[in-house]
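Trainee: Residues in the sequence shown are numbered consecutively from -19, following the working numbering.
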Amino acid sequence: MKRRFTKHLTGATLVIPGTGLVEADVLIDGETIAGIVERDADVEVDERIDLTGLTVFPGGVDVHLHLGHGNDISRPRVPSDAASETAAALLGGVTSFIPYVMSGDPYESFFAELKEVTEAGARIDFGYHFIIASEAQLASLPHYVNDLGVPTAKLFMNIRGDEGKRLGLPGIDDGFMFRLLETLGPLGGMMCPHPENIEIGWAMTARMRDADPQGKGGLRTWNSARPSFIEAEAIRRATYYGKITGTPVYCVHTSSAEALEAAVAMRRDGYPVFIETCNHYLTHDVDSGIGMAGKVNPPLRENADREALWKAIADGHIDTIGTDHVHRTMSAKQGGIWGASPGCPGLDTFLPVLVSEGHHKRSIPLERIAELASANPARIMGMADRKGGIAIGLDADLAIMDLNENYVVGPQTRATDAGYSLYDGMTLRGRVVHAMSRGRFALRDHQLVEEAVGKGKFLPRKLPPHPIRNTQR
-19 MKRRFTKHLT
-9 GATLVIPGTG
1 LVEADVLIDG
11 ETIAGIVERD
21 ADVEVDERID
31 LTGLTVFPGG
41 VDVHLHLGHG
51 NDISRPRVPS
61 DAASETAAAL
71 LGGVTSFIPY
81 VMSGDPYESF
91 FAELKEVTEA
101 GARIDFGYHF
111 IIASEAQLAS
121 LPHYVNDLGV
131 PTAKLFMNIR
141 GDEGKRLGLP
151 GIDDGFMFRL
161 LETLGPLGGM
171 MCPHPENIEI
181 GWAMTARMRD
191 ADPQGKGGLR
201 TWNSARPSFI
211 EAEAIRRATY
221 YGKITGTPVY
231 CVHTSSAEAL
241 EAAVAMRRDG
251 YPVFIETCNH
261 YLTHDVDSGI
271 GMAGKVNPPL
281 RENADREALW
291 KAIADGHIDT
301 IGTDHVHRTM
311 SAKQGGIWGA
321 SPGCPGLDTF
331 LPVLVSEGHH
341 KRSIPLERIA
351 ELASANPARI
361 MGMADRKGGI
371 AIGLDADLAI
381 MDLNENYVVG
391 PQTRATDAGY
401 SLYDGMTLRG
411 RVVHAMSRGR
421 FALRDHQLVE
431 EAVGKGKFLP
441 RKLPPHPIRN
451 TQR
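(1) Take I448 and list the residues in its own chain whose beta-carbon comes closer than 6 Å to its own, dropping the five residues that flank it on each side.
(2) Measure the C-alpha to C-alpha separation of E385 and A186 and round it to an integer number of angstroms.
(3) Tell me where the beta strand (DSSP E) around N384 begins and ends.
(4) If you follow the beta strand (DSSP E) that R424 is in, where does it begin and where does it stop?
(5) So I13 and G390 are supposed to be a Cβ contact under 8 Å. How far apart are they, rounded?
(6) Can you tell me whether DSSP reads E3 as helix, strand or coil?
(7) Between A355 and the rest of its own chain, which residues show a CB-CB distance below 6 Å, the 5 nearest in sequence each way excluded?
(8) Alpha carbon to alpha carbon, how far is R(-16) from I10? Give it in angstroms, no decimals.
(9) Could you check which residue in T257, G274 and D267 has the C-alpha nearest to that of H297?
(10) For Q452, count neighbouring Cβ atoms within 10 angstroms of its own Cβ and tell me buried if that reaches 16, exposed if not.
(11) For P173, which beta-bridge partners are listed by DSSP?
(12) Answer yes or no: do N259 and V306 have a C-beta to C-beta separation smaller than 8 Å?
(13) Would you identify the three-state DSSP class for L352, choosing helix, strand or coil?
(14) Once the 5 residues before and after V2 are set aside, which same chain residues still bring their CB inside 6 Å of it?
(15) By how many angstroms is the C-alpha of S64 removed from the C-alpha of A395?
(16) From M188 to I210, what distance separates their C-alpha atoms?
(17) Are three or more beta carbon pairs between the stretch 284 to 291 and the stretch 414 to 433 nearer than 8 Å?
(18) For I224, count neighbouring Cβ atoms within 10 angstroms of its own Cβ and tell me buried if that reaches 16, exposed if not.
(19) To the nearest angstrom, report how far apart I344 and R206 are at their CA atoms.
(20) Quick one: residues in its chain with C-beta nearer than 7 Å to the C-beta of V433, no 5 flanking neighbours on either side, listed in chain order?
(21) Assess contact between the stretch 190 to 206 and the stretch 142 to 157, defined as three or more Cβ pairs (one per stretch) separated by less than 8 Å. Is contact present?
(22) Pairs of beta-carbons, one from the stretch 14 to 30 and one from the stretch 38 to 58, closer than 8 Å: are there three or more?
(23) Can you tell which of T201, I139 and C172 has its C-alpha closest to the C-alpha of E179?
(24) Hey, quick one: how far does the beta strand (DSSP E) through G410 stretch, first residue to last?
(25) Under three-state DSSP, which class holds D285?
(26) Counting pairs of beta carbons, one from the stretch 314 to 329 and one from the stretch 228 to 246, are three or more of them closer than 8 Å?
(27) The alpha helix (DSSP H) spanning F209 covers which residue range?
(28) Of all the alpha helix (DSSP H) runs that stay within the bounds of the stretch 88 to 156, which reach a length of 4 or more residues?
(29) Please tell me whether G222 and L160 are closer than 8 Å, where the distance is taken between their beta carbons.
(30) Which runs of the alpha helix (DSSP H) fall wholly inside the stretch 309 to 372 and span at least 4 residues, in chain order?
(31) Kindly list the residues whose CB is nearer than 7 Å to the CB of R424, restricted to its own chain and excluding five residues on each side of it in sequence; keep chain order.
(32) Assign D190 to one of three DSSP states: helix, strand, or coil.
(33) Where does R449 sit, in a helix, a strand or coil, going by DSSP?
(34) Whose C-beta lies closer than 6 Å to the C-beta of P445 among residues of the same chain, with five residues either side of it excluded?
(35) Check for me: the beta strand (DSSP E) holding H(-12) runs from which residue to which?
(36) Return the CA-CA distance between H(-12) and V125, expressed in angstroms with no decimal places.
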């Protein structure tokens, strides 16, 4: 008896990381990919779906974002917090993600509630990173890694003294960071530092406040207050202590040429350092004219920094691209450059920006985009057995795009409850038409499938031993 499959996706071009572009069909059995076969293969199937003219990517894996509630970005509080932002993810071709969870309390005290609330609203699968800032959290790391399946820990290197108060976090120092690294390494964990030498940042901010008390210089003033050298110095420090302790370090939201070089230099010494950047650092700079919407931390930099990041993408130095998605509304951007809250949304436009700005405008190969957006983050973050590729046995998480569809970003093309995008009014070339999560359409013909709400599952993770970067490029 012939095997019967759930879905047969036919007519599209597949983007397979490590292989390239393949003209083939995909067979899905339930939640997983069951076959990659020749065009119009004779198979028994429940539903045959014609995707002629479209391109199938492995679903995006965004490993840097913040789910919150209103202006609170610490964690989702109600299911709709996850529902809206996973809707945004699907529009951007993201089919799994790992948000940062932030608290001054031990995470075990509310983990069950956190998981329940997120699963109740999520349309896609998700994991967590925990932000570690207290002695109690540090002591609980073995439980987080071994029992809860959260092997990655973020450290805000900038929360010295009272700096963390606005986030509800205590202050830390380099001794705390060193002990965090010492603890994570033997557990098979990895540190994700927010790299910033805040003591120098304080001095530079005071200098810029004196020079520009009204913040009339906007994003250029903000960049000068938090210059790239304080990002680069912090990366050198974090990765050096990582080398001493034998603990891998994942450099989040790399924004500048100087910070990039600091990470690459440590990698040249043979240390497993992973480098992430974000879409907004590739597409915007201090002269982009987007006002307070563009206040992020690290700041948007100079055009030369953007070009350096694009070159590092082409050369293979950058491993992953994330969104650092923050879904606070524009109401949090009041008060000029000194008062506006940092952060911006980015999920809704994730793959379209990379295809439009990277592939069409800069000839970045589609396979490279799939590596940066899917395969590499899944591998580095311990999800490659389920996510990040188009291969038999993996979850059928797919982003299906029309590479040549032009569309203008605006209220009708986004779903985040932030209510805005850095790309509003911009025409992008390349749009997500369908998105599948574990074999189910969660976005079909540009329309969100409401039955997908609550179908997302928590993904406990285990990192590969001492995850070594793929250096074949």
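Glycine included, every Cβ here is placed at the ideal spot set by N, Cα and C.
Mentor: Taking the structure as given:
(1) With a pLDDT of only 45 at I448, under the threshold of 50, the placement of this residue in the model should not be trusted; the figure read from the coordinates follows. Excluding sequence neighbours, I448 sits near P252.
(2) 47 Å
(3) L378 to V388
(4) R420 to R424
(5) That pair is no contact at about 34 Å.
(6) strand
(7) P(-3), G368 and G369
(8) According to the sequence provided, residue 10 is Gly. The question's Ile does not apply to it. Between G10 and R(-16), the C-alpha separation is close to 11 Å.
(9) T257
(10) Low confidence applies to Q452: its pLDDT is 34, below 50, so where it sits in the model is not reliable, and the reading given next is rough at best. The residue is exposed, with fewer than 16 neighbouring Cβ atoms inside 10 Å.
(11) L135
(12) no
(13) helix
(14) L(-6) and I(-4)
(15) 6 Å
(16) 15 Å
(17) no
(18) exposed
(19) 30 Å
(20) A63, G101 and R103
(21) no
(22) no
(23) I139
(24) T407 to S417
(25) helix
(26) no
(27) S208 to T225
(28) 91 to 101, 115 to 119 and 121 to 126
(29) no
(30) 316 to 319, 330 to 333, 346 to 350 and 356 to 360
(31) H414
(32) helix
(33) Only weak support exists for where R449 lies, its pLDDT of 43 falling under 50; the value from the coordinates is given anyway. If DSSP states are grouped into helix, strand and coil, R449 belongs with coil.
(34) none
(35) R(-16) to T(-10)
(36) 38 Å
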